[in-house]
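Engineer: If you read the sequences in order, they're chains Z and Y.
The first sequence finishes on residue 421 if you use numbering that gives the first Met the number 0, and the numbering steps up by one all the way, no holes.
The second sequence finishes on residue 421 if you use numbering that gives the first Met the number 0, and the numbering steps up by one all the way, no holes.
Don't be surprised by glycine CBs; every beta carbon is placed ideally from N, CA and C.
Note that the coordinates shown come from a computational prediction; the quantities given were computed from them, not determined experimentally.
Number of protein chains: 2
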Amino acid sequence: MRKWTDGRPGASRRSFLKAGLAGGAALAASKAQAAGDPVITEVQDWNRYPGDGVDVHPYGMPSQFEADVVRRNVAWLTADPISSINFTPLHSLDGIITPNGLCFERHHAGAAVIDPKEHRLMINGLVDKPLIFTMEDLKRFPRYNRVYFLECAANSGMEWRGAQLNGCQFTHGMLHCVMYTGVLLKDILNEAGVKTSGKWVLAEGADASAMTRSIPLDKAMEDCMVAFGQNGEALRTEQGYPLRLVVPGFEGNMWVKWLRRLEVGDEPWQQREETSKYTDLLPNGKARRFTFAMDVKSVITNPSPQAPITHGKGRTVLTGLAWSGHGTIKRVDVSIDGGRNWHTARIDGPSLSLALHRFYYEFDWDGSDLYLQSRAIDEKGYVQPTKNELRATRGENSIYHNNGIQTWYVNKDGVAENVEVS
Amino acid sequence: MRKWTDGRPGASRRSFLKAGLAGGAALAASKAQAAGDPVITEVQDWNRYPGDGVDVHPYGMPSQFEADVVRRNVAWLTADPISSINFTPLHSLDGIITPNGLCFERHHAGAAVIDPKEHRLMINGLVDKPLIFTMEDLKRFPRYNRVYFLECAANSGMEWRGAQLNGCQFTHGMLHCVMYTGVLLKDILNEAGVKTSGKWVLAEGADASAMTRSIPLDKAMEDCMVAFGQNGEALRTEQGYPLRLVVPGFEGNMWVKWLRRLEVGDEPWQQREETSKYTDLLPNGKARRFTFAMDVKSVITNPSPQAPITHGKGRTVLTGLAWSGHGTIKRVDVSIDGGRNWHTARIDGPSLSLALHRFYYEFDWDGSDLYLQSRAIDEKGYVQPTKNELRATRGENSIYHNNGIQTWYVNKDGVAENVEVS
Numbered sequence: 000m001r002k003w004t005d006g007r008p009g010a011s012r013r014s015f016l017k018a019g020l021a022g023g024a025a026l027a028a029s030k031a032q033a034a035g036d037p038v039i040t041e042v043q044d045w046n047r048y049p050g051d052g053v054d055v056h057p058y059g060m061p062s063q064f065e066a067d068v069v070r071r072n073v074a075w076l077t078a079d080p081i082s083s084i085n086f087t088p089l090h091s092l093d094g095i096i097t098p099n100g101l102c103f104e105r106h107h108a109g110a111a112v113i114d115p116k117e118h119r120l121m122i123n124g125l126v127d128k129p130l131i132f133t134m135e136d137l138k139r140f141p142r143y144n145r146v147y148f149l150e151c152a153a154n155s156g157m158e159w160r161g162a163q164l165n166g167c168q169f170t171h172g173m174l175h176c177v178m179y180t181g182v183l184l185k186d187i188l189n190e191a192g193v194k195t196s197g198k199w200v201l202a203e204g205a206d207a208s209a210m211t212r213s214i215p216l217d218k219a220m221e222d223c224m225v226a227f228g229q230n231g232e233a234l235r236t237e238q239g240y241p242l243r244l245v246v247p248g249f250e251g252n253m254w255v256k257w258l259r260r261l262e263v264g265d266e267p268w269q270q271r272e273e274t275s276k277y278t279d280l281l282p283n284g285k286a287r288r289f290t291f292a293m294d295v296k297s298v299i300t301n302p303s304p305q306a307p308i309t310h311g312k313g314r315t316v317l318t319g320l321a322w323s324g325h326g327t328i329k330r331v332d333v334s335i336d337g338g339r340n341w342h343t344a345r346i347d348g349p350s351l352s353l354a355l356h357r358f359y360y361e362f363d364w365d366g367s368d369l370y371l372q373s374r375a376i377d378e379k380g381y382v383q384p385t386k387n388e389l390r391a392t393r394g395e396n397s398i399y400h401n402n403g404i405q406t407w408y409v410n411k412d413g414v415a416e417n418v419e420v421s
Numbered sequence: 000m001r002k003w004t005d006g007r008p009g010a011s012r013r014s015f016l017k018a019g020l021a022g023g024a025a026l027a028a029s030k031a032q033a034a035g036d037p038v039i040t041e042v043q044d045w046n047r048y049p050g051d052g053v054d055v056h057p058y059g060m061p062s063q064f065e066a067d068v069v070r071r072n073v074a075w076l077t078a079d080p081i082s083s084i085n086f087t088p089l090h091s092l093d094g095i096i097t098p099n100g101l102c103f104e105r106h107h108a109g110a111a112v113i114d115p116k117e118h119r120l121m122i123n124g125l126v127d128k129p130l131i132f133t134m135e136d137l138k139r140f141p142r143y144n145r146v147y148f149l150e151c152a153a154n155s156g157m158e159w160r161g162a163q164l165n166g167c168q169f170t171h172g173m174l175h176c177v178m179y180t181g182v183l184l185k186d187i188l189n190e191a192g193v194k195t196s197g198k199w200v201l202a203e204g205a206d207a208s209a210m211t212r213s214i215p216l217d218k219a220m221e222d223c224m225v226a227f228g229q230n231g232e233a234l235r236t237e238q239g240y241p242l243r244l245v246v247p248g249f250e251g252n253m254w255v256k257w258l259r260r261l262e263v264g265d266e267p268w269q270q271r272e273e274t275s276k277y278t279d280l281l282p283n284g285k286a287r288r289f290t291f292a293m294d295v296k297s298v299i300t301n302p303s304p305q306a307p308i309t310h311g312k313g314r315t316v317l318t319g320l321a322w323s324g325h326g327t328i329k330r331v332d333v334s335i336d337g338g339r340n341w342h343t344a345r346i347d348g349p350s351l352s353l354a355l356h357r358f359y360y361e362f363d364w365d366g367s368d369l370y371l372q373s374r375a376i377d378e379k380g381y382v383q384p385t386k387n388e389l390r391a392t393r394g395e396n397s398i399y400h401n402n403g404i405q406t407w408y409v410n411k412d413g414v415a416e417n418v419e420v421s
């Protein structure tokens, strides 16, 4: 009898077979693979030969069969990849936690690689005692863990001008939700002592764009965090390693990454990213400014253009995400006929304030055309508007803060497409 | 003025500098790196040159500075890596979510690599209608998302014979906690129709060990899941991709990975893993069997042998994890003097049933010797015992189900060590 160790060390089953050490097994495997139709009456290859041992993968990666579950950028959207977006593949995910490797990234001068030993956070401005913290200093403050969504203000921005991008990864994928670990911004501000004249906080990044945004002091003292962890481990490089600001419910651009400085002042700084960018030009030529909170919103992630129905008629699971910068989601309605009839979706999993909510709607598909829509309602009673309702008040010059209802058209073959219904 | 694009395309800042295209910057960088002491008055390198764009990392990985945050195996513990353990680095993590790449893995014949298109789940035995499901079939049942801890019954098993392994990664690292996505076991059993004579369910894996365990039907119908997702994305290979059983609160061995068959029967099957293994030999020669639920337990993750105190006296954050196979954690007590005095720890983050709970205790360290202990109490009122209390009732022949209180000794230099106090 051949011992299993014949193909080792370091040889996976695949290379074991390739090496031709077990001709019979290789034949059986290639037969099963070539057939297309699964051979369930035979003992499968993975049941016959051992897999990799625990010495092979100190840090694990997804299965080779999940190779298409990746972030994607859209080359024509921006002039250069260092100031661009890598979208979360929402159509391939479930639950409310985004795995760290798939959290969308948006940079203004690429992802800074920072040695945490050399990193510092400074607090200056209208404080009693300016301070400089090392990473170790910060980790000596009380730590907290909170699950929050982060949405870029430009998420769904292309949709102001009608259905554009064919897939929820691209229309809604500037969105992720992780458990952050960090300290409260108010705790370190209190350590410095904010003067009574202090009303705003400037957050500044250590990357080459030196990203800077003004945060109202009230928000800073309410629930903002200075975070060094996401989903248990250290922040990822592209999420601001070793330190980022967390501004729950507010637009993602304010969650300054690679955070190196907090300045307390008595008025906003009027930085580029709060004047020429991240403002909303109205029909009358004026611009909405400091529109921080992300309004109530939802999207159906399956079925969707990148995730068509492949099983034909019958039992169908519709699922999606809902969120609000004003708290929890109270209800999600779903329509399969373009908004004529609405059904209450089942919200599943923990309902955490300012976090993603997962909803499902199970139905029997009769094979006819579908116009799928979802409409979220948050704890404050805000109802997600249609895109046309948004346009009626804000015009069509906007890029940011599009929380309109999304429609996917699904044809009889299950193929889905981004459309608008009036 | 040199344009940033000089070092591109594809060149990271590091390779840019190495290539010698910017001699002055390279000098400044190497000076800062060589000095050891951070140069905070200079503009740092990562603030001067852009980082990687969004086209570089479709699936993200941790920062290069986190290279020591990995799973580790202990070569001498088992005869071969294909039937061994890769431990979660608990001392490097925070919060209650374990990132997918760091979830401990334990195999009995290596990690099976399964093509989901060829994978099937069969239900047979005492059912009205035997069934075979494809992965797509399963995903048409209502889906649920639940956060659960998974602990191997052998976690802390070496500690029965006194303090052994120097680090919570090794003493307690057969433990992880993720959000699972899947369908309810009861839903698919009901689809097959369980006969009234059915009392147990056999779960069988498709790996080369064909892992098999008997699950009481009551538990199967209560809260078990057949899961295909973890933390939003597909299960990882080493966690049973594409399908695993989730048996909340019960010992990890029962959470059969690469799940391919469920057989309903009227009594347990007396498989190897529930007779010669995963039983507890008592002093009288009898063995406890079917000891499924993991009892209330906790461990301090920082400070600990792999995570000493490096900042000297003063403000110190102590943190750890608590969990119970009987529900939520009601309270965690912490002692810094080996159990003479106890302090109530702060439990932070969501308190979810059968999930990890994160606790903190902040104190001013006066620099004297510490004997750190934690003691968890669950919602049923179970109190975590000392190791000696456990030994008094179960003797010292056991390997499994050691939920005794762990002690770390910390000396004046902050160095920590695994010890026992009587």
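Buried or exposed: residue 241 of chain Z, going by 16 or more other Cβ atoms within 10 Å of its Cβ?
Structural biologist: As a first step, residue 241 of chain Z must be located in the first sequence, where it is residue number 242. Flag for residue 241 of chain Z reads buried.
Engineer: Does residue 227 of chain Z come out as helix, strand or coil in the three-state DSSP assignment?
Structural biologist: In the first sequence, residue 227 of chain Z corresponds to position 228, counting from 1. Residue 227 of chain Z falls in the strand class under three-state DSSP.
Engineer: In whole angstroms, what separates the C-alpha of residue 402 of chain Y from that of residue 255 of chain Y?
Structural biologist: As a first step, residue 402 of chain Y must be located in the second sequence, where it is residue number 403. As a first step, residue 255 of chain Y must be located in the second sequence, where it is residue number 256. Roughly 22 angstroms separates the two Cα atoms.
Engineer: Please list the partners that residue 289 of chain Y has in chain Z, where partner means a Cβ-to-Cβ separation under 8 angstroms.
Structural biologist: By 1-based counting over the second sequence, the position of residue 289 of chain Y is 290. The premise fails here: residue 289 of chain Y is roughly 26 angstroms from chain Z at the closest Cβ pair, so nothing lies under 8 angstroms.
Engineer: Would you say the beta carbon of residue 70 of chain Z is closer than 8 angstroms to some non-hydrogen atom of the ligand NAP?
Structural biologist: For the ligand NAP, the structure offers nothing, since it holds no ligand at all.
Engineer: For the candidate residues Z/116, Z/197, Z/328 and Z/358, whose alpha-carbon lies nearest to that of residue 316 of chain Z?
Structural biologist: Sequence index remark: in the first sequence, residue 316 of chain Z carries index 317 (1-based). Nearest option by C-alpha distance: Z/358.
Engineer: Give a yes or no on whether the minimum CB-CB distance between residue 254 of chain Y and chain Z is below 9 angstroms.
Structural biologist: Position 255 of the second sequence, counting from 1, holds the residue named residue 254 of chain Y. Judged by the 9 angstroms Cβ criterion, residue 254 of chain Y is not in contact with chain Z.
Engineer: Exposed or buried, which one is residue 196 of chain Y when buried takes at least 16 other CB atoms within 10 Å?
Structural biologist: Numbered from its first residue, the second sequence carries residue 196 of chain Y at position 197. The residue in question, residue 196 of chain Y, is exposed, as its Cβ has fewer than 16 Cβ neighbours within 10 Å.
Engineer: Select from the stretch 360–387 of chain Z all residues with a C-beta closer than 9 angstroms to any C-beta belonging to chain Y, and list them in chain order.
Structural biologist: So the close ones are 361.
Engineer: Along chain Y, in chain order, which residues have C-beta atoms closer than 7 angstroms to that of residue 53 of chain Z?
Structural biologist: Indexing the first sequence from 1 puts residue 53 of chain Z at position 54. Chain Y residues near residue 53 of chain Z: 72, 80, 83, 84, 85, 104 and 106.
Engineer: Just to confirm the assignment, what range does the alpha helix (DSSP H) spanning residue 169 of chain Z have?
Structural biologist: Along the first sequence, read from residue 1 onward, the residue named residue 169 of chain Z stands at position 170. Here the alpha helix (DSSP H) through residue 169 of chain Z covers 167–171.
Engineer: Got a sec: which bits of the stretch 222–242 of chain Z sit with their beta carbon under 9 angstroms from any beta carbon on chain Y, in order along the chain?
Structural biologist: Taking 9 angstroms as the Cβ-Cβ cut-off against chain Y, the residues of the stretch 222–242 of chain Z that qualify are 227, 228, 229, 230, 231, 232, 233, 234, 235, 236, 237, 238, 240 and 241.
Engineer: Does the stretch 90–108 of chain Z come close enough to the stretch 62–77 of chain Y to have 3 or more Cβ pairs within less than 8 angstroms?
Structural biologist: No, the stretch 90–108 of chain Z does not touch the stretch 62–77 of chain Y.
Engineer: Which of the residues in the stretch 45–69 of chain Z, read from start to end, lie with their CB under 8 angstroms from any CB of chain Y?
Structural biologist: Residues passing the 8 angstroms Cβ filter: 45, 46, 47, 48, 49, 50, 51, 52, 53, 54, 55, 56, 57, 58, 59, 60, 61, 62, 63, 64, 65, 68 and 69.
Engineer: For residue 337 of chain Y, I'd like the list of residues in its chain whose CB is within less than 6 angstroms of its CB, leaving aside the five on either flank, ordered along the chain.
Structural biologist: The count along the second sequence starts at 1 and reaches residue 337 of chain Y at position 338. Correct list, in chain order: 370 and 420.
Engineer: Between the stretch 170–182 of chain Z and chain Y, which residues of the former have a C-beta closer than 7 angstroms to a C-beta of the latter?
Structural biologist: Residues passing the 7 angstroms Cβ filter: 178 and 180.
Engineer: Quick check on the DSSP output: the beta strand (DSSP E) that includes residue 299 of chain Y runs from which residue to which?
Structural biologist: Numbered from 1 along the second sequence, position 300 holds the residue referred to as residue 299 of chain Y. Per DSSP, residue 299 of chain Y belongs to the beta strand (DSSP E) from 296–301.
Engineer: Going by alpha carbons, who is nearest to residue 117 of chain Y out of Y/134, Y/128 and Y/374?
Structural biologist: Position 118 of the second sequence holds residue 117 of chain Y. Measuring from the Cα of residue 117 of chain Y, the nearest candidate turns out to be Y/134.
Engineer: Spell out whether any CB of chain Z is found under 9 angstroms from the CB atom of residue 43 of chain Y.
Structural biologist: In the second sequence, the residue the question calls residue 43 of chain Y occupies position 44. Yes, its Cβ sits closer than 9 angstroms to a Cβ of chain Z.
Engineer: How would you write the range of the beta strand (DSSP E) that residue 45 of chain Z sits in, first residue to last?
Structural biologist: Position 46 of the first sequence, counted from the first residue, corresponds to residue 45 of chain Z. Where residue 45 of chain Z is concerned, there is no enclosing beta strand (DSSP E), although the alpha helix (DSSP H) it sits in stretches over 44–47.
Engineer: Just checking: is the beta-carbon of residue 276 of chain Z within a distance shorter than 9 angstroms of some beta-carbon in chain Y?
Structural biologist: Working through the first sequence from its first residue, we reach residue 276 of chain Z at position 277. Answer no: the Cβ-Cβ gap between residue 276 of chain Z and chain Y never drops below 9 angstroms.
Engineer: Around the C-beta of residue 296 of chain Z, are 16 or more other C-beta atoms found within 10 angstroms, so that it is buried, or is it exposed?
Structural biologist: As a working note, residue 296 of chain Z is residue 297 in the first sequence. So residue 296 of chain Z counts as buried.
Engineer: Give the C-beta separation of residue 176 of chain Y and residue 95 of chain Y to the nearest angstrom, bearing in mind that I take them to be a contact with Cβ-Cβ under 8 angstroms.
Structural biologist: Here residue 176 of chain Y refers to the residue found at position 177 when the second sequence is read from its first residue. Here residue 95 of chain Y refers to the residue found at position 96 when the second sequence is read from its first residue. Correct: roughly 6 angstroms between the Cβ atoms.
Engineer: Under 9 angstroms, Cβ to Cβ, is there at least one residue of chain Z near residue 310 of chain Y?
Structural biologist: Taking the first residue of the second sequence as position 1, residue 310 of chain Y is located at position 311. Cβ-Cβ to chain Z under 9 angstroms: yes for residue 310 of chain Y.
Engineer: Strictly under 9 angstroms for the Cβ-Cβ distance: is residue 347 of chain Y near chain Z by that measure?
Structural biologist: On the second sequence, residue 347 of chain Y is found 348 positions in, with the first residue counted as 1. Residue 347 of chain Y counts as touching chain Z.
Engineer: Leaving out five residues before and five after residue 184 of chain Z in sequence, what residues of the same chain have Cβ atoms less than 7 angstroms from its Cβ?
Structural biologist: As a position in the first sequence, residue 184 of chain Z is number 185, starting the count at 1. Once the five neighbours on either side are set aside, the close Cβ partners of residue 184 of chain Z are 219, 223, 224 and 225.
Engineer: State whether the stretch 80–93 of chain Y contacts the stretch 44–54 of chain Z, with contact taken as three or more CB pairs (one from each stretch) at a distance under 8 angstroms.
Structural biologist: A contact exists between the stretch 80–93 of chain Y and the stretch 44–54 of chain Z.
Engineer: Under a Cβ-count criterion, where at least 16 other Cβ atoms within 10 Å of its own Cβ denotes burial, should residue 247 of chain Z be classed as buried or exposed?
Structural biologist: Counting from one through the first sequence, the residue named residue 247 of chain Z turns up at place 248. With 16 or more other Cβ atoms within 10 Å, it is buried.
Engineer: Among Z/393, Z/366, Z/122 and Z/400, whose alpha-carbon lies nearest the alpha-carbon of residue 323 of chain Z?
Structural biologist: By 1-based counting over the first sequence, the position of residue 323 of chain Z is 324. Ranking Z/393, Z/366, Z/122 and Z/400 by Cα distance to residue 323 of chain Z puts Z/400 first.
Engineer: Going by DSSP in three states, residue 350 of chain Y sits in which element: helix, strand or coil?
Structural biologist: Taking the second sequence and counting its residues from 1, the one referred to as residue 350 of chain Y is at position 351. Residue state, collapsed to three classes: coil.
Engineer: For a contact meaning CB atoms closer than 7 angstroms, what does residue 109 of chain Z contact in chain Y?
Structural biologist: The residue given as residue 109 of chain Z occupies position 110 in the first sequence. Residues of chain Y passing the Cβ test: 49, 50, 51 and 52.
Engineer: So which of Z/217, Z/261, Z/211 and Z/75 has the shortest CA-CA distance to residue 121 of chain Z?
Structural biologist: Your numbering for residue 121 of chain Z matches position 122 in the first sequence. Ranking the options by Cα distance to residue 121 of chain Z, first place goes to Z/261.
Engineer: For residue 368 of chain Y, which option in Y/181, Y/273, Y/406 and Y/73 has the closest C-alpha, if you only look at C-alpha atoms?
Structural biologist: Numbered from its first residue, the second sequence carries residue 368 of chain Y at position 369. Residue 368 of chain Y has its Cα closest to that of Y/406, out of Y/181, Y/273, Y/406 and Y/73.
Engineer: DSSP three-state call for residue 412 of chain Y: helix, strand or coil?
Structural biologist: If you number the second sequence from 1, residue 412 of chain Y lands on position 413. It is coil, neither helix nor strand.
Engineer: Is the stretch 147–161 of chain Z close to the stretch 343–360 of chain Y, with three or more CB pairs under 8 angstroms?
Structural biologist: No, they do not touch.
Engineer: Give every residue of the same chain whose Cβ lies closer than 8 angstroms to the Cβ of residue 234 of chain Z, excluding the five residues on either side of it in the sequence, and list them in chain order.
Structural biologist: Walking along the first sequence from the start, residue 234 of chain Z turns up at place 235. Counting only Cβ-Cβ distances below 8 angstroms, and skipping sequence neighbours, we find 226, 227, 228, 240, 241, 242 and 243.
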